[in-house]
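First up is the structure itself, then whatever we jot down about it.
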Amino acid sequence: AVGAFTATNTGVGNIELTNTIATLDLQGITQNTGDVVIDNTGAITQSVAGITTAANGNIDLTASTDLTISQVVTAGGAGTVDLTATAGTLAIDAAVSSTSGALTLTAGGAISQNAATGSLASGGLLSTSSDGGTVLNGANAVGAFTATNTGVGNIELTNTIATLDLQGITQNTGDVVIDNTGAITQS
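Under the working numbering, the first residue of the sequence shown carries the number -12, and numbering increases by one thereafter.
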């Protein structure tokens, strides 16, 4: 049960932490070759520095309650980013990106984004699952989007890319608003 965590791996191998504390503060993780897997029974916040992986390194952050991204999260190459707030809210308040890997956002509550500071970028798929709506109106640039909302709240995405591929949206109660500066296709 640690309150704060920082790590650097200059070689090969994963950085993994399983933890139980009310709020875990991630203070910077730099990964050379391997994945970053953080699982906290409790909330996760970030301060000081972000999380980065080299080419094809995956990032998986899971909080049992709230997850707040306030520092950069960057997966290199085809590395994926999986952010989960199992029974809480997920706030994207900083840049989250992968060159071509999937971005997966999951929340037991709402998924929100600070439109001034939060962004999502990947040539790959952005997939969201929420129970309180998903509102992503920052400077996003994703190649494809799919979303599910099982509760009450809008599904909104503001995006800028040549062609946004919508790959399915399932909405329970609320509006669906997709605004792409570029074309929109469905597959």
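Using N, Cα and C, we set each Cβ at its ideal position, and we do this for glycine too.
Sub-8 Å separation of residue i and residue j beta-carbons
| i | j | result |
| --- | --- | --- |
| glycine 105 | glycine 125 | yes |
| valine -1 | glutamine 14 | no |
| glycine 37 | threonine 67 | no |
| threonine 115 | leucine 151 | no |
| isoleucine 98 | threonine 121 | yes |
| asparagine 136 | asparagine 159 | yes |
The beta strand (DSSP E) enclosing residue i, as first and last residue numbers
| i | result |
| --- | --- |
| serine 117 | 106 to 117 |
| valine 164 | 163 to 173 |
| serine 99 | 98 to 100 |
| glutamine 58 | Per DSSP, glutamine 58 belongs to no beta strand (DSSP E) and is neither H nor E. |
| asparagine -4 | -9 to -1 |
| alanine 72 | 68 to 72 |
| alanine 82 | 82 to 85 |
Any non-hydrogen atom of the ligand SAM within 7 Å of residue i CB
| i | result |
| --- | --- |
| glycine 110 | With respect to the ligand SAM, the structure shown offers nothing to examine, as it has no ligands at all. |
Residue of the options minimising C-alpha distance to residue i
| i | options | result |
| --- | --- | --- |
| threonine 86 | Ile171, Leu113, Leu144 | Leu113 |
| leucine 28 | Val83, Gln58, Leu153, Ala74 | The question names leucine, yet the displayed sequence has threonine at residue 28. Checking every option, the nearest Cα to that of threonine 28 belongs to Ala74. |
| asparagine 1 | Asp26, Asp22, Asp12 | Asp22 |
| alanine 72 | Asp47, Asp166, Ala62, Ala108 | Asp47 |
| glycine 64 | Thr168, Ala128, Ala42, Gly161 | Ala42 |
| alanine 9 | Thr(-7), Ala131, Thr32 | Thr32 |
| aspartate 162 | Asn141, Thr145, Ile171 | Asn141 |
| isoleucine 156 | Val139, Ala134, Glu143 | Ala134 |
| threonine 49 | Thr40, Thr172, Val24, Val139 | Val24 |
| glutamine 58 | Ser51, Thr52, Ser84 | Ser84 |
| glutamine 18 | Ala30, Ser51, Glu143, Thr61 | Thr61 |
| serine 174 | Ala131, Glu143, Asn167, Gly138 | Ala131 |
Residues that DSSP places opposite residue i in a beta bridge
| i | result |
| --- | --- |
| glycine 63 | Ala42 |
| glutamine 18 | Asn(-4), Thr40 |
| valine 139 | Thr160 |
| threonine 91 | Asp69, Ser114 |
| serine 34 | Paired residue(s): none; serine 34 is not in a bridge. |
| alanine -12 | According to DSSP, alanine -12 bridges with nothing at all. |
| alanine 50 | Asn27, Ala72 |
Supposed contact pair residue j and residue i - C-beta distance, whole angstroms, cut 8 Å
| i | j | result |
| --- | --- | --- |
| aspartate 26 | isoleucine 56 | Wrong, their Cβ atoms sit about 16 Å apart, outside the cutoff. |
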